[in-house]
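> My questions will all concern the structure given below.
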Amino acid sequence: MSAGIIERKEYLNFLMRHRGKPVIKVVSGIRRSGKSTLFEIYKNALRAEGVPDDRMISVNFEDIAFEELTDYHKLYEYVCARLTEGETTYVFLDEVQNAEHFEKAVDSLYIKDGVDIYITGSNAYFMSGELATLLSGRYVELRMLPLSFAEFCSVQPGGMTLGEKYERYITRSSFPYVAANLTDEADIREYLQGLYSTIVLKDVAHRGGISDLSVLESVIRFVADNIGNRLSPTGIANAMTSAGRKIDGKTVERYLRALEDSLFVYRANRYNIKGKQLLRLQEKYYLADVAFRFLLLGGRGLDVGHVLENAVYLELVRRGYDVFVGQAGRAEVDFVALRGGGCAYFQVSASVRDPEVLERELAPLKSVTDSYPKFLLTLDDDPNGDYNGIMRMNALRFLLGDPR
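Now the structure itself:
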């Protein structure tokens, strides 16, 4: 593997597992999360198996060299002209949402013999029912996030404690380029600021049809300052208006949707545990990379409990769970994680060494009467504990996938 490139083994395994299968492989994720690099890693794996370069066609729709291929007719013709009869050709289309009616070209290529198609996109258009409609349901999707804590730790220098690595993870950024290539704080901040500006201008404002960037950034800062808190568009509007930034709830709702579509923030809906149904109001929001919180808020970004909650939420999403905020009567469970008919409950706290805090954090989990696994995750570096079936463990070891 080349210097500066982090091999994302689980993501690579996903592509290898679906190689040659009659489905379109879709990789979605926030800008700079490593989608294009994943394609390069995958193409290197294909080369190692003897696949020649002329049987791999790559088009990046953010590269001006391919601008004319945003016309789906020309895209289709371009690819067809480079196919080899009787051989499998691997077609990689990066940031394909920039090509108008891309699905027409993709669908037409899909039905041709010997074409294995891989596409990426950096907005939630690829995480909605719209994609299933456009591609007639003939696809599998890999939802890509920036680096997990385990991936981040794999490229950190030796001699660091787990706590020191975690501090870097949340403050320096989990984006692959930063972790693998940057060490100077000024360089890291400059990279994050540039990435943030690009996401806000291109992926949020432009695609969301938002012209008032000042108000948009105020909403972003408010959300970043309130990760892990229950929020509603009306509540945000009222708080911002009280602070002198007049805005209405419908506008806030539109801005939040645009932030979700850019995959800059993730929304955790509330879930009635007993009734097993979604609740519509008072959702929670989490950042795709919590380092943006520190970029936007400076020293105010260090809210240890909510920052940890953000990291745990993203890890559960990485592991393939649908993640909700649990409501059990009057009690609130931080996360209800559903996957494949199974369920697990998670409570997250910076520390529970104070007996009163421990009891307060255990109470929501105790109020859940089913037999699914229940976990209390903290930053306390203590041996695991078992409270009548509720497992307390160190959150950092959980993020590493270490059950000890």
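Each residue of the sequence shown is one higher than the last, beginning at 1390 in the working numbering. For every residue, glycine included, the Cβ atom is placed at its ideal position computed from N, Cα and C.
Hey, is V1641 close to the ligand HEM, as in C-beta under 7 Å from one of its heavy atoms?
Among the components of this structure there are no ligands whatsoever, and the ligand HEM is therefore not found.
> Let me check understanding here. Comparing Cα to Cα, which of V1741, D1791, N1777 lies closest to T1758?
T1758 has its Cα closest to that of N1777, out of V1741, D1791, N1777.
> Three-state secondary structure (DSSP) at R1643?
Three-state DSSP puts R1643 in a helix.
> If I'm right that L1531 touches F1653 with Cβ under 8 Å, what's the distance once you round it to whole angstroms?
In fact, because the Cβ distance is near 19 Å, the residues do not count as touching under 8 Å.
> R1656 by DSSP, collapsed to three states: which one?
If DSSP states are grouped into helix, strand and coil, R1656 belongs with the strands.
> What does the alpha-carbon distance come out to for the pair E1606 and A1437?
In a straight line, the C-alpha of E1606 is about 46 Å away from that of A1437.
> When you compare the segment 1652-1668 with the segment 1626-1638, are there three or more beta-carbon pairs, one atom per stretch, that lie closer than 8 Å?
Counting Cβ pairs under 8 Å, fewer than three are found: no touch.
> Apart from the five residues on each side of it in sequence, which residues of its chain come closer than 6 Å, Cβ to Cβ, to L1785?
Answer for L1785: L1551, Y1555, listed in chain order.
> Ordered along the chain, which non-local residues of its own chain (more than five positions away) have a Cβ less than 8 Å from that of H1490?
Counting only Cβ-Cβ distances below 8 Å, and skipping sequence neighbours, we find Y1461.
> Just to check my reading of the structure: P1565 and G1423 have Cβ atoms closer than 8 Å, yes? What is that Cβ distance to the nearest angstrom?
Yes, P1565 and G1423 are in contact; Cβ-Cβ is about 5 Å, under 8 Å.
> Give me the residue from A1569, K1501, L1670 with the minimum Cα distance to R1421.
Here the closest residue by C-alpha is A1569.
> Are G1510 and T1477 close, meaning C-beta to C-beta below 8 Å?
Against a cut-off of 8 Å, the Cβ pair of T1477 and G1510 comes out as no contact.
> Only counting the same chain, and skipping five residues up and downstream in sequence, which positions put a Cβ closer than 7 Å to that of H1407?
K1414, V1529.
> Tell me the residue span of the alpha helix (DSSP H) that contains R1669.
Premise fails: R1669 lies in the beta strand (DSSP E), 1666-1676, not in any alpha helix (DSSP H).
> Which of the three DSSP states, helix, strand or coil, is assigned to T1623?
Helix, per DSSP.
> Distance check for R1610 and V1544, CA to CA, integer angstroms please.
V1544 and R1610: Cα-Cα distance of roughly 30 Å.
> If you follow the beta strand (DSSP E) that Y1479 is part of, which residue opens it and which one closes it?
Unbroken beta strand (DSSP E) run through Y1479: 1478-1483.
> Is D1711 helix, strand or coil when you go by DSSP?
Residue state, collapsed to three classes: strand.
> Using 8 Å as the threshold, is the C-beta distance between L1648 and Y1675 below it?
Not in contact: L1648 and Y1675 (Cβ atoms no closer than 8 Å).
> Is E1492 near R1397, with beta carbons less than 8 Å apart?
Taking 8 Å as the Cβ cut-off, E1492 and R1397 do not qualify as a contacting pair.
> Could you give the DSSP three-state label for Y1558: helix, strand or coil?
The answer is helix: DSSP assigns Y1558 an H, G or I state.
> According to DSSP, is G1583 helix, strand or coil?
In the structure shown, G1583 sits in a helix (DSSP, three-state: H, G or I).
> How many angstroms separate the CA atom of S1497 from the CA atom of F1481?
If you take the alpha carbons of S1497 and F1481, they lie about 15 Å apart.
> What does the Cβ neighbour count give for E1723, buried or exposed, with the cut at 16 atoms within 10 Å?
Going by the sequence as given, residue 1723 is Asp instead of Glu. Flag for D1723 reads buried.
> I'd like to know whether the C-beta atoms of L1727 and E1672 end up nearer to each other than 8 Å.
No, Cβ-Cβ distance for L1727 and E1672 is not below 8 Å.
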